[in-house]
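> Before we start, here is the structure in question, set down as structure tokens.
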Amino acid sequence: MQNPFSAKQRAKLRAFFSKPANVILVVFCVLLCMLTLYPLIVLFLETITVHAGKEARAVKLTAGDFTLYSLERIFATAKNQYSKLTFYEPLFNTLAVAVTASLISIVFGGSVAWLITRTNLKFKKFISTVFVFPYIMPAWTLATWWQTFFKNVNAGAGTSNGIMAAVFGVNMPEWFVYGFFPISMVLGLHYAPFAYILIGGILRNMDANLEEAATILKTSRVRILWRITLPIVRPALLSTFLLVFASSMSAYSVPVFLGSPVRYYVLSTKMMSLINNYPGQGYIIAGVMIIFGVAILALNQYVTGSRKSYTTVTGKAAQISLINLRKANLPIAIGLTVLLVLVAVVPLLTFALESVIIKAGDYSLSNMTLDFWIGRNLTYLDQGDSTGILLSAKVIKALGFSLLLALTCSFFAGTCGVLVGYGVVKRRGSKLATIVNNLSFFPYLMPSLAFGAIYLALSTRVPFLHGFTVLALVGSVKYLPFASRSGINAMLQLSGEIEEAAVIVGVPWPKRMLRILFPIQKSSFLSGYLLPMVSCMRELSLFVLLVPTSNTLLTTMLMQYSEKGWAQFGNAINLLIIIVVLLVNGIVNKLTGASIDKGVGG
Amino acid sequence: MKKFIALLLCALLALTAASAFAESIADICAAGEALTHDELVEKALAEEGTFIVYGNTSRIVTAAENFGALYGIAFEGSNLKDAEIYTKLSAEIEGKAKGADMVMIQDGASLQSMALDTGYLVNFVPASVKANIAEGDQNPLIHQFINKVFIWNNKGENVPAITNVWQLTEPQFKGNILFKTPDAEQVNMNFLVMLTNEEWSGKLAEAYKNLYGKEIELGEFENAGYKWIAEFLANCSFGNSDTTLAEELSQETAAGKAGLFVLSKLRSSSVYTENLTVGQYVAAEVGTIIEPFSGFMYPMYALVSSNASRPYTAMLFIEYLMTADGFKPWGKSIGAYSTNTEIAPLDNDLPLSDWKASLVMEDPEYILDNYEDVYSFVTMYLQ
């Protein structure tokens, strides 16, 4: 066989591949195309294929045939207003919720970020610690808490009173308890730490000279905020907006809990109800969500394209002078503390309480039991399980599986993140680096549920893709963006000289990575491992379609329990998940100094 | 080279011969119907590996436990949602991976189109109990019937007294009927589909006349079934779980409300049963009826997987489930009705025949033919 390359080309190739950064980039380019672009093609094929069951009956074709039926149903069926109710209205609701949630998290997270970094607010330590709690906790935590707190006989099914109505005698109106408003609020609060981390990062490092100069010139405080501070954080604001928008769009558990009682549907809930009977239509909705994700990526790219000119604002900033809040200090501090206790601590107490009572609504001691935690032979409860969760082999197994999955995803995502960071930064500016950089961020914008749906479609075509393998794969890919962001940021901070010095002395590449680069930026890199781990432990949407059974993971088990109405076991498991996540986060933080707020968040 | 081709041909021939001779699970089950109990036990105990059961009732796990203990068979019982079961079955059978031996599942329409048309599940009727099972319940084999019935809260001054389902469409019930969203459970949707057929829409039209003393005016609706669905759903508050609905409806604060959910949920320790009235019980007591139905009933099927690695154990388990012992996990509380006529209903419940006469039953073929239409119609009233 004749070699297709000339000697010169071969030499060039050899030189190209002698650099580890190039090898990494080529490998990841191919790998990421396979893991993100190929699945997209499969998804597209699924939307025009007949599936067995009701779909095949409706089109009177056999499974596997080509059809435009699903597309027509979703986009252009006027009978019974089908398309409008199944697609267009949920789409509108999705957009409304996503925009509102983004605004809420920016206003809330941004203000707190400003208060913490630029003022002499009291209780800073407590506030900044507890503020990221809602993000570490699963999103439905706040949703179920909202429901138990505000539900009353005048809203939704309205059969029983929550704490607000029972204790304070206040019946909140239905729009406050269910539907658009609470969904947006809960998502906004859940993602507010995003805004806090992104905006706070810039505020913290911002050169205060500009503000001080303005102060000397007797510019009013409001004007300074409006004309100087805000423009500087604008890119962060926009990034936050887009990231929260993308995350809210794919949120599934929150709209299920707070939307369905009043018939408020979003794309994610519609997709879930379609995917069993009419998979083709479900996949189309997944596709639409992905198109939005891609558009957001493009927009984010466009907006932050000029970010370099902003980040140079950081650097050797002089000491930031903190604004004195004077009389407002204590009231703001107390107000914030109370609010944070309400959204971050009270839910945990509520779960603990709800997990020990037998009949709902009766909080007397005689109605309490620890059976749901440590009981045995609980047939008298007839709630599915006969042992308390701490003694149940089923729960322990799921906990083990969840931890194993989280560790696996964190290992693969984290390691790939370090490598991608190295490759992209070393070859910064090259076309290949840009492509890999974008590809590695792309999974972030794929709505979790849609991403799960794609891999479900894929698993019917690729033989080894089921069980643990597919879960670990989908988790690693989905969380790669966190790790690659950390990796890129960490590498950007490292001066090239450090590695060059080692190259000159002839230190091989693996040793350079393990002995020099990694140790220097240990905490940043480790954050890239921590985020996937934490996210994975509390993930539902991504895995819900792929788990072999609901009992596989703690989160899917929790969802099943809540669907079955086994509230006490559900609450106990929920608390267990939160405790494990907080523990993991705390331990890693103490041991390594890595922390959530060093990453992008998600 | 020639030798190689000859060898290859021989191997191919042997393979096709082997596969032709290998008995399919369907054949094994067909032959199994002639086996006595003792023969089944003998063949089942000769099989190896873990016996795997999927079921969409939580009590299947208890039944499998009892069965495993009785015969000393290692088992794995999973309580899954029906959709999960189909997803897993198709993955296991298409991927030829080890999976379920036996499946217990509801929703006759999906069973027909997803598992029987495709051959994923195979029917088996145990010889020892065949005589006690009505012919209509034998193919596919129905293990038991479950009913979802009208139940209302009996607290306060405004206690509903429902004798005709059209009452539920009246303004006083606006938002006061608890029903699991048909989006979330297929049998609920199946019930609604059945109401649009000739029989039930006719009965609904008649019931309307009996209640209001005038002919029904259909307006834009195709028949009385559609009209009732529209007005009933417009009055519903949807929940995600029948257990939760039962708990909620049983609260003192739920006075004046009614619900349509699984009767057996009244067994839950978290339900204040004394606050609830079951419509059909009242009707039976005073010798009236709720016109034209007091809820609906759906079968729970028991079948062998075409992928079974322990087919005889699956058959033995089905035989066991059809006996009084096997039915115990369900039979101890109201709301579950064995198709084995030897198993008597509980004293505080009504017999299956009474329920069958007063409830809407499923017809898988009608449901499959009309599903899309009714589904999109129902979607309008879920918003």
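From first to last, the protein sequence lines stand for chains A and B. Start counting the first sequence at 14; every next residue gets the next number (the numbering used here). Start counting the second sequence at 106; every next residue gets the next number (the numbering used here). Note that CB positions come from ideal geometry on N, CA and C, so glycine has one too.
Quick check on Gln249(B): does DSSP put it in helix, strand or coil?
Gln249(B) falls in the strand class under three-state DSSP.
> With 9 Å as the threshold, decide whether the Cβ of Arg441(A) is near any Cβ in chain B.
Cβ-Cβ to chain B under 9 Å: no for Arg441(A).
> Going by DSSP, what residue range makes up the beta strand (DSSP E) through Asn184(B)?
Its beta strand (DSSP E) spans residues Phe180 to Asn184.
> Which full runs of the alpha helix (DSSP H) of 4+ residues lie inside the stretch 132-190 of chain B, going along the chain?
List check, alpha helix (DSSP H) in window: 142-151 and 165-176.
> At the 9 Å Cβ level, is Phe482(B) part of the contact set with chain A, yes or no?
Yes, Phe482(B) lies at the interface with chain A (some Cβ there is under 9 Å from its Cβ).
> Against chain A, with Cβ distances strictly below 9 Å, would Val376(B) count as a contact?
So, interface residue.
> At the 9 Å Cβ level, is Met207(B) part of the contact set with chain A, yes or no?
False, the Cβ-Cβ gap to chain A never drops below 9 Å.
> Within 9 Å (strictly less), CB to CB, does Lys186(B) reach chain A?
At least one chain A Cβ lies under 9 Å of Lys186(B).
> Would you kindly report the start and end of the unbroken alpha helix (DSSP H) that includes Ser548(A)?
Unbroken alpha helix (DSSP H) run through Ser548(A): Lys535 to Met550.
> Check whether the Cβ of Gln94(A) lies closer than 9 Å to any Cβ atom in chain B.
Yes, Gln94(A) lies at the interface with chain B (some Cβ there is under 9 Å from its Cβ).
> Can you tell me whether DSSP reads Thr446(B) as helix, strand or coil?
Note: Thr446(B) maps to coil in three-state DSSP.
> The beta strand (DSSP E) with Leu408(B) in it runs from where to where?
Segment Gly400 to Ser410, the beta strand (DSSP E) holding Leu408(B).
> When the Cα of Gln356(B) is compared with those of Tyr486(B), Trp257(B), Ile133(B) and Asp222(B), which residue comes out closest?
It is Trp257(B) whose Cα lies nearest to the Cα of Gln356(B).
> Can you find the residues in the same chain that come closer than 6 Å, C-beta to C-beta, to Gly275(A), ignoring five residues on each side of it along the sequence?
Reading the sequence as shown, one finds Val at residue 275(A) and not Gly. Gly169, Tyr191 and Gly192.
> Tell me whether the stretch 458-473 of chain B and the stretch 217-227 of chain B touch, counting them as touching only if at least three CB pairs, one residue from each stretch, are closer than 8 Å.
Yes, they touch.
> Along the chain, where does the alpha helix (DSSP H) that runs through Gly272(A) open and close?
Here the alpha helix (DSSP H) through Gly272(A) covers Ser266 to Gly272.
> Could you give the residue range of the beta strand (DSSP E) that holds Phe146(A)?
Taken as a continuous stretch (DSSP letters only), Phe146(A) belongs to no beta strand (DSSP E), being part of the alpha helix (DSSP H) at Phe146 to Ile149.
> Compare the C-beta of Pro274(A) with all C-beta atoms of chain B and state if any pair is closer than 9 Å.
Closer than 9 Å to some Cβ of chain B, the Cβ of Pro274(A) qualifies, so yes.
> Return the bridge partner residues of Glu396(B) from the DSSP annotation.
According to DSSP, which records beta bridges pairwise, Glu396(B) is partnered with Asn269(B).
> Between the alpha carbons of Val264(B) and Ala441(B), how many angstroms are there, rounded?
C-alpha separation (whole angstroms): 27 Å.
> Could you give the residue range of the beta strand (DSSP E) that holds Cys341(B)?
Segment Cys341 to Gly344, the beta strand (DSSP E) holding Cys341(B).
> Check whether the stretch 30-39 of chain A and the stretch 262-280 of chain A touch, using three or more Cβ-Cβ pairs below 8 Å as the test.
The stretch 30-39 of chain A vs the stretch 262-280 of chain A: no contact.
> DSSP state of Asn244(B), grouped into three classes?
Of the three classes helix, strand and coil, the one that applies to Asn244(B) here is coil, per DSSP.
> For Pro147(A), count neighbouring C-beta atoms within 10 Å of its own C-beta (all shown protein chains included) and say buried if the count is 16 or more, exposed if not.
The residue is buried, with at least 16 neighbouring Cβ atoms inside 10 Å.
> What's the gap between the Cα of Glu262(B) and the Cα of Ala360(B)?
Going from the Cα of Glu262(B) to the Cα of Ala360(B) covers about 8 Å.
> Would you check if the distance between the CB atom of Ser342(B) and the CB atom of Ile282(B) is smaller than 9 Å?
Yes, they are a contact pair.
> Counting only Cβ pairs nearer than 8 Å, list the residues of chain B close to Trp579(A).
Going along chain B in sequence order, the residues near Trp579(A) (Cβ under 8 Å) are Thr348.
> Can you name the residues of chain B whose CB is closer than 9 Å to the CB of Ser266(A)?
Ordered by position in chain B, no residue passes the 9 Å Cβ test against Ser266(A), which lies about 11 Å from the chain.
> Under 9 Å, do Glu68(A) and Gly293(A) count as touching if we go by C-beta distance?
Yes, Cβ-Cβ distance for Glu68(A) and Gly293(A) is below 9 Å.
> Can you check whether the C-beta of Pro195(A) is within less than 9 Å of a C-beta belonging to chain E?
Judged by its chain identifiers, the structure shown contains no chain E, and its protein chains are A and B.
> Kindly list, in the order they appear in chain B, the residues whose Cβ is closer than 9 Å to that of Ile371(A).
Correct list: Ser374 and Ser375.
> Quick check: is the beta carbon of His616(A) nearer than 9 Å to any beta carbon in chain B?
No information on residue 616(A) is available, as it lies outside the stretch 14 to 615 that chain A covers here.
> Give, in chain order, every unbroken run of the alpha helix (DSSP H) that is at least 4 residues long and sits entirely within the stretch 119-197 of chain A.
Segments of the alpha helix (DSSP H) lying fully in the stretch 119-197 of chain A: 137-144, 146-149, 152-163, 176-181 and 187-190.
> In three-state DSSP terms, what is Ile402(A)?
Ile402(A): coil per DSSP, three-state reduction.
> Specify the secondary structure class of Lys362(B) as computed by DSSP and reduced to three states.
The answer is coil: DSSP assigns Lys362(B) none of H, G, I, E or B.
> Starting from the beta carbon of Glu576(A), find every residue of chain B whose beta carbon is closer than 7 Å, and list them in chain order.
Within chain B, the residues near Glu576(A) are Asn345 and Ser346.
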